[in-house]
Amino acid sequence: MSHMLSQTFVFIDLETTGGSPPSDRIIEVGLKKVVGGEVVDEWQSLVNPQKTIPPFIENYTGIANEMVQDAPLFSEIAATLKSKLEGAVFVAHNARFDYSFVKSEFRRINEPFSAKVLCTVKLSRQLYPQHIKHSMDALIARHQLPAGPRHRAMGDVDSMLAFFLHALDERGEDEVERVIGNILKRPSLPSHLPSDALDELPQTSGVYRFFGENEVLLYVGKANNIYQRVMSHFMSDHSTAKGVVMSQSVRRIEWTETAGELGALLLELQQIKALKPIHNKRSRSVNSLHSYTLTPNKQGYLTLQSVQEVDVTRLEDFFGLFKTKKIAEKALQGIDSNNELCAKLVGLDRGPGPCFQHKLGRCKGACIGEEDVTRYNLRVQIAFHSLQLKKWPYKGAIAVRECQSFTGKTDIHIIYGWIHLGTVNSDTELDDFNVSGRVRACLEGETTFDADGYRVITKILMAPKNRPQIIELN
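Residue numbering for the sequence shown follows this note's numbering, beginning at 2 and increasing consecutively.
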């Protein structure tokens with residue numbers, strides 16, 4: 002048995018009142034301690050959560066409120082649990098879930114706790130990458146493992162352990178040891194961050210914030226998995242030189258969970274613009290917006306007119322969203338050159354006579370009336386089609402509902418004309434939200450059209466797959 006596999010592993014599973022470690026509680030814990038492939042200790046206990054077990058959890062686990070009424074409190078089993086986990090690798094299926102709950106319970110009694118964490122989902126993914134599903138039910142079926150009582154702590158522990166032993170037998174100790182070593186490899190944290198700084202981070206969507214000395218906000222980032230994304234900042238092999246400098250400056254990490262990707266993107270955008278973190282260059286608030294409309298001149302040729310305000314009632318009449326005039330003109334130069342348009346009608350040449358493109362043989366003569374108007378206008382519309390803003394496809398405002406089944410969190414985003422009007426967390430809050438007033442502000446130009454918000458919202462709502470639930474509002 003290799004050195005790594007001869008260390009102590011504790012296979013542990015919890016049942017809980019829900020999916021949120023800060024507010025939900027443990028109702029059952031089961032574990033088996035394994036050294037050298039042999040079980041050397043096992044222990045299980047129901048736990049009084051000091052709150053009601055919801056009916057769906059009762060149905061899921063079979064653990065009723067009456068069963069835990071006389072069970073010990075977590076504080077009464079804490080010393081026993083801690084002694085059994087001491088110095089061992091904490092092994093669980095979807096391990097961040099179980100580990101976060103144990104951390105939260107110890108925090109409630111002001112006890113420090115941290116451990117190396119091995120997730121058997123990750124272990125399965127790396128040992129058997131050809132398979133898509135790695136749930137416990139999938140592992141039991143795929144590897145023909147003996148199945149204990151599902152959704153009870155010790156039953157799931159037995160299934161995990163059976164998978165571990167099966168993998169050792171099928172893939173060999175060397176391969177299993179290599180994969181475990183990769184999973185347990187922790188990033189090198191700056192010395193001024195506590196060693197367990199990443200342990201609290203959830204594996205859910207949201208926004209994270211890095212603070213430096215004197216509480217200076219260094220960076221705001223968005224993540225579909227906050228834990229993995231933050232951890233990647235401290236992995237030297239994934240960092241740029243600039244990123245290393247920033248990560249070494251971090252003194253504190255904060256985060257906000259969201260119910261889904263759209264909520265994370267919108268919150269990231271909002272916080273970058275409002276808080277102006279030092280290392281976020283993109284998405285900062287700008288004083289001007291540059292877009293264009295196509296307007297026929299006296300001869301009927303379409304000309305480009307620069308505008309700095311976008312009318313949400315006729316979005317399809319606007320082309321491009323640029324942060325500066327310089328960026329806008331560079332984009333126009335590329336379109337003009339690639340499509341042999343007239344530099345004068347596009348607005349890049351303001352001199353007398355034919356445009357400079359015509360002198361180079363790259364303009365078909367619209368500037369001097371030589372090209373057919375209809376043909377030129379069609380070429381312009383084709384050339385600028387990719388820059389055309391998307392028309393708002395709904396009669397009024399919509400509510401976009403995102404739900405995080407793991408934590409039970411719900412976000413409802415109210416949107417009109419690709420403008421984010423606000424986010425609420427329940428139908429009651431939605432009923433109280435002044436939708437008509439906020440829409441009126443958009444129509445009257447009081448709410449500014451935001452290019453970054455437009456890109457974020459269209460990306461999610463126009464995606465061909467995995468679009469969130471959309472509710473049209475009256």
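For each residue, glycine too, the CB sits at the ideal point set by N, CA and C. Here the structure is a predicted model, which means the values were calculated and not measured.
A142 classed as buried or exposed, judged by whether at least 16 other C-beta atoms fall within 10 angstroms
exposed
Cα separation between P55 and H280?
44 Å
Apart from the five residues just before and just after D42, which ones in its own chain have a Cβ nearer than 6 Å to its Cβ?
K34
From what residue to what residue does the beta strand (DSSP E) around P297 run?
H291 to P297
From D157 to Q272, what does the alpha carbon distance come to, in whole angstroms?
41 Å
Could you give the distance in angstroms between the alpha-carbon of Y395 and the alpha-carbon of I472?
10 Å
Beta-carbon spacing of L444, V311 below 8 Å
no
Grab me the residues of Q334's own chain with a C-beta within less than 7 Å of its C-beta, minus the 5 sequence neighbours each way, in chain order.
L349
Fully enclosed by the region 422 to 466, which alpha helix (DSSP H) runs are 4 residues long or longer?
428 to 433, 436 to 444 and 452 to 462
Within the region 26 to 87, ranges of the beta strand (DSSP E) (whole runs, at least 3 residues)
27 to 36 and 39 to 47
Our contact map puts L47 next to E29 with C-beta atoms below 8 Å; I'd like the distance itself, whole angstroms only.
5 Å
For the 8 Å Cβ check, are there 3 or more pairs between the region 260 to 271 and the region 405 to 422?
yes
Which residues in the same chain have their Cβ closer than 6 Å to the Cβ of A65, if we skip the five residues on either side of it in sequence?
E59
Are the beta-carbon atoms of L199 and R210 separated by less than 8 Å?
no
Coarse secondary structure for D14, derived from DSSP in three states
strand
Which residue marks the beginning of the beta strand (DSSP E) containing H144, and which one marks its end?
It is not in any beta strand (DSSP E) - H144 instead sits in the alpha helix (DSSP H) that spans M137 to H144.
Could you give the residue range of the alpha helix (DSSP H) that holds G545?
This structure does not reach residue 545, given that the chain is present from 2 up to 475, and the question cannot be answered.
Report the rounded CA-to-CA distance for Q389 versus L266, giving the unit in angstroms.
23 Å
With three or more beta-carbon pairs closer than 8 Å as the criterion, would you say the region 358 to 367 touches the region 330 to 345?
yes
Tell me the DSSP secondary structure of I110 in three-state form.
coil
Using the C-alpha atoms, what's the distance from R153 back to L15?
8 Å
Closer than 8 Å by C-beta to A224: which residues in its own chain qualify, once you throw out the five before and the five after it? Chain order, please.
S206, G207, V208, Y209, R230, V231 and A265
Residue of I416, I420 and T121 minimising C-alpha distance to L431
I416
Where does S21 fall in DSSP's three states?
coil
Quick check on R26: buried or exposed, where buried means 16 or more other Cβ atoms within 10 Å of its Cβ?
buried
Over what stretch of residues does the alpha helix (DSSP H) that includes T411 continue unbroken?
No alpha helix (DSSP H) contains T411, which is instead part of the beta strand (DSSP E) from K410 to Y417.
Under DSSP, the beta strand (DSSP E) around Y221 begins and ends at which residues?
Looking at the sequence provided, one finds Val at residue 221 rather than Tyr. Its beta strand (DSSP E) spans residues L218 to A224.
Might you give, ordered along the chain, the residues of its own chain that have their beta carbon closer than 7 Å to the beta carbon of P188, omitting 5 neighbours on each side?
M232, F235 and M236
Just mark Q131 as buried or exposed, buried being the case when its beta carbon has 16 or more other beta carbons within 10 Å.
exposed
Please work out which residues of its chain come closer than 7 Å, Cβ to Cβ, to H239, disregarding the five sequence neighbours upstream and downstream, and give them in chain order.
No answer about H239 holds up, because its pLDDT of 48 lies below 50 and its placement is not dependable.
N183: buried (16+ other C-beta within 10 angstroms of its C-beta) or exposed?
exposed
Evaluate the contact criterion for the region 311 to 330 versus the region 461 to 470: three or more CB pairs, one atom per stretch, below 8 Å.
no
Determine which residues share a DSSP beta bridge with A93 and list them.
C120
Length of the line joining the Cα atoms of G454 and E269:
10 Å
If you draw a straight line from the alpha carbon of H478 to that of P203, how long is it in whole angstroms?
Since the first residue of the chain shown is 2 and the last is 475, residue 478 is not available in this structure.
From I383 to D337, what does the alpha carbon distance come to, in whole angstroms?
12 Å
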